[in-house]
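If you want this note's numbering, it's the position in the sequence shown, counting the first as 1, plus 41.
Glycine included, C-beta positions come from ideal geometry on N, C-alpha and C.
Since the model is a prediction, treat every value here as computed from it, not as a measurement.
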Amino acid sequence: MTLLECVFLPMKPLSKNIIFALLAVLIISAIFSSYSLRSAKPEEITLAKVVEEVENDIIESIKIEGSEISIKLKDGTDQTTRKEASVSLSETLIDYGLSPEQLRQANIDIKDRSTRSYIMGVILPSLLPLLLLMVIFWFMIRQMQGANSKAMSFGMSNAREFKDSKQKITFKDVAGSKESKEELQEIVEFLKNPKKFADVGAKLPKGVLLMGRPGTGKTLLSRAVAGEAEVPFFHISGSEFVEMFVGVGASRVRDLFAKAKRNAPCIIFIDEIDAVGRQRGAGLGGSHDEREQTLNQILVELDGFETDTNVIVMAATNRPDVLDPALLRPGRFDRRVLIDLPDIKERNEILDVHAKGKPMAEDVNLRNIAQKTPGFSGADLKNLLNEGAILAARENQKEIKMKDLDEAIEKVMLGPERRSKVINEEEKKITAYHEAGHALVSHFLPNADPVHKISIVSRGRALGYTWNMPERDRLLSSSAKFDDDIAVFLAGREAELMIFKDTTTGAQNDLVQASKMARKMVTEYGMSEKIGPLSFNGKDDLVFLGRDIAEAKNYSEKTAQIIDEEVKKILSRGEAAAKELLGKYKNILKKIADQLIKEEIIDRDEFEKIILENIRITN
Ligand code: ADP
Ligand code: MG
Ligand code: ZN
């Protein structure tokens, strides 16, 4: 929560209160005025007349309210008169010449409500505004206290505690990641049975760092540890430590650890720890004091644990490379668990987990979906199934069909289809040749991935796309594979150039990808002859690392020049390979493009059929 919220939000009910107060004033004054209107009706008489009426004995009753006197005659007439509020009626009447005996004899029913009505009629109306003011002040003070107490609690960690077992997450809910689960099982056992470990003198790590790409299930896994161990789980995100106020982060850390110690055994989970745990004394501009203090405090707390405190600190990050080395030192986050992107088997398991509760049609084959989704994270797969379900519901189906899931894969990868996007004939033709170029070259290069689908239906930002899919998950890439991939990237532009003698902006993304790949080959993977087996670490990574940009280039100008030359050489090589293949199979390129213009989408079988048919003719 930010300061702004704290000041402005609580004021909202106050303005409502003012409206209420105003309403109350309006209503009360309305009542008063109608009251006085009613009492204004009776005939107004003098006190002398009252004396006369007493003497004539025609009065039924007299009501006194402060200075107001209402008289009811025996014949039913209402009259009013006034007297001094401080003097009683009998005294007044006697002053007017009535004898006390006469007054007694008159047997008048005098209802003197003077004291009560004096308060009602005189004091209350004058006090009312004061009372209202007091109420308003009271509200204001209360609001301010509210805001104040929030200001005071800024220093407190707002870690959320997950204790209730209703929505308990256990290792069963985490599909795949077998190794990570095994490593964490140790932590679970320690939390459940610390004595067993203490007896043999084993010290368990205080800190466990989960590392993995976004969506690979780090947060999920840490919650599963808490669920398995059945201990309190304090969850806070790294960015929550650092807010507008300087000094808040450190005191929040202190508070969080104090809270945890009180609840031991328990787990503290700091999500996205890179938000506070970046290398100190580094970064682009800005003051990092606050973050550094927070980090220092975390380090202090980690060190300050006594050995018998059963508090385990877990943290997650997708950028372990930017973390301050001090965090990773033994005795701190020394246990590191790497969570990889799921392989095909794990993807299948994750799909199985999330397919629960979603009715699937007979034709659905989750193994096949797993096959088609290399590089998808757990979160992507969950999203995929959800998109599939949405598509099925939109078509009013009772079950999710395979075609929905196939569509969902592309939607997750490239964004939604935009059939309505108007493409003119010329653009359609260019896109068709461009995509046909990618597809054709990837088919004929031995190391490129086979074509799965070609489409010129625009989707997300892309006007068209060629979907190549590896036969199996790949862990290592060879330099020959990179060369072929670069040729495939450049083939779209080459095809445009060959057919239309011109290039378009449509090839921009291809060029970016190809250049990036070529540069990595040279500077990171040692795949160029001239540079040799040297790795410079990419420039981007260094900026991320938080070091100064100026420092990023750790090679001389001369080397930089050689790198540029080598990158260019690789790209030209790819360009030449693409050009050669496109020239050789120009007739097939035309066939594919024509088919695309006609049908907009070509799948793998159809694509291979076109190639087989036309190759026979060429030979
Ligand atoms: P991270 O914290 O690594 O970015 P999360 O733990 O928040 O990722 O994962 C996001 C979602 O993806 C989870 O809520 C879960 O539904 C799903 N998910 C990720 N990995 C798995 C897995 N191995 N098994 C089941 N679901 C997973
Ligand atoms: Mg997370
Ligand atoms: Zn392209």
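The beta strand (DSSP E) that contains residue i, what's its start and end?
i: Ile-311; result: 307-312
i: Arg-123; result: 119-123
i: Asn-509; result: 506-509
i: Gly-253; result: 248-253
Starting from residue i and walking both ways along the alpha helix (DSSP H), at which residues does that stretch end?
i: Phe-274; result: First-last for Phe-274: 274-278, but that is the beta strand (DSSP E), not the alpha helix (DSSP H).
i: Met-562; result: 549-564
i: Ser-292; result: 289-303
i: Met-539; result: 520-541
i: Leu-232; result: 219-233
i: Lys-545; result: Looking at the sequence provided, one finds Thr at residue 545 rather than Lys. Neither: Thr-545 is in no alpha helix (DSSP H) and is coded neither H nor E.
i: Arg-319; result: No alpha helix (DSSP H) holds Arg-319; DSSP gives it neither H nor E.
i: Glu-271; result: Run containing Glu-271: none; DSSP gives neither H nor E here.
i: Asp-98; result: Run containing Asp-98: none; DSSP gives neither H nor E here.
i: Pro-141; result: 141-146
i: Val-341; result: 330-345
i: Arg-412; result: Checking the sequence, you will find Gln at residue 412 rather than Arg. Unbroken alpha helix (DSSP H) run through Gln-412: 407-412.
i: Ala-430; result: 419-435
i: Glu-132; result: 130-136
Check whether the Cβ atoms of residue i and residue j sit closer than 8 Å, and answer yes or no.
i: Ile-112; j: Thr-122; result: yes
i: Asp-315; j: Gly-256; result: no
i: Leu-31; j: Ala-555; result: What is shown of the chain runs 42 to 660, which leaves residue 31 out entirely.
i: Ile-450; j: Pro-400; result: no
i: Ser-520; j: Met-454; result: no
i: Val-495; j: Glu-476; result: For clarity, residue 495 is Ile in the given sequence; the question names Val instead. It is a contact, given that the beta carbons lie within the stated cut-off.
i: Asp-393; j: Ala-216; result: yes
i: Leu-245; j: Ala-270; result: no
i: Ala-402; j: Met-443; result: yes
i: Ala-619; j: Tyr-474; result: no
i: Pro-383; j: Met-252; result: no
i: Val-294; j: Gln-338; result: yes
i: Leu-622; j: Val-492; result: no
Roughly how many whole angstroms lie between the Cα atoms of residue i and residue j?
i: Asp-381; j: Glu-467; result: 44 Å
i: Ile-110; j: Phe-180; result: 40 Å
i: Glu-649; j: Asp-312; result: 48 Å
i: Ile-431; j: Gly-505; result: 24 Å
i: Glu-598; j: Ile-604; result: 10 Å
i: Ser-108; j: Gln-184; result: 43 Å
i: Asp-661; j: Leu-173; result: Here the chain comprises residues numbered 42 to 660, so residue 661 is not present and cannot be evaluated.
i: Leu-630; j: Arg-376; result: 54 Å
i: Thr-472; j: Glu-390; result: 38 Å
i: Ile-652; j: Asp-644; result: 12 Å
i: Tyr-596; j: Gly-533; result: 34 Å
i: Ala-305; j: Val-266; result: 15 Å
i: Ile-642; j: Leu-250; result: 45 Å
i: Asp-524; j: Ala-617; result: 11 Å
i: Gln-146; j: Ser-102; result: 13 Å
i: Glu-654; j: Lys-639; result: 18 Å
i: Glu-106; j: Glu-142; result: 24 Å
i: Gln-334; j: Leu-261; result: 29 Å
i: Gly-5; j: Val-529; result: One cannot answer for residue 5 here, as it falls past the ends of the chain, which runs 42 to 660.
i: Val-92; j: Ser-131; result: 10 Å
i: Arg-264; j: Asn-437; result: 36 Å
Go ahead and pull the three-state DSSP assignment for residue i.
i: Ala-676; result: The structure shown has nothing for residue 676, since the chain only spans 42 to 660.
i: Gly-456; result: coil
i: Leu-171; result: helix
i: Ala-503; result: strand
i: Arg-513; result: coil
i: Asp-644; result: strand
i: Glu-106; result: strand
i: Met-568; result: coil
i: Glu-85; result: strand
i: Ser-613; result: helix
i: Val-498; result: coil
i: Ile-656; result: helix
i: Val-354; result: strand
i: Val-492; result: strand
i: Leu-114; result: strand
i: Ile-604; result: helix
i: Ile-464; result: coil
i: Ile-210; result: coil
Segments assigned alpha helix (DSSP H), at least 4 residues, entirely inside the stretch 358-403:
366-369 and 385-396
Among all residues, which have a Cβ less than 5 Å from at least one non-hydrogen atom of the ligand FMN, and in what chain order do they fall?
The ligand FMN is not part of this structure, which contains only the ligand ADP, the ligand MG and the ligand ZN.
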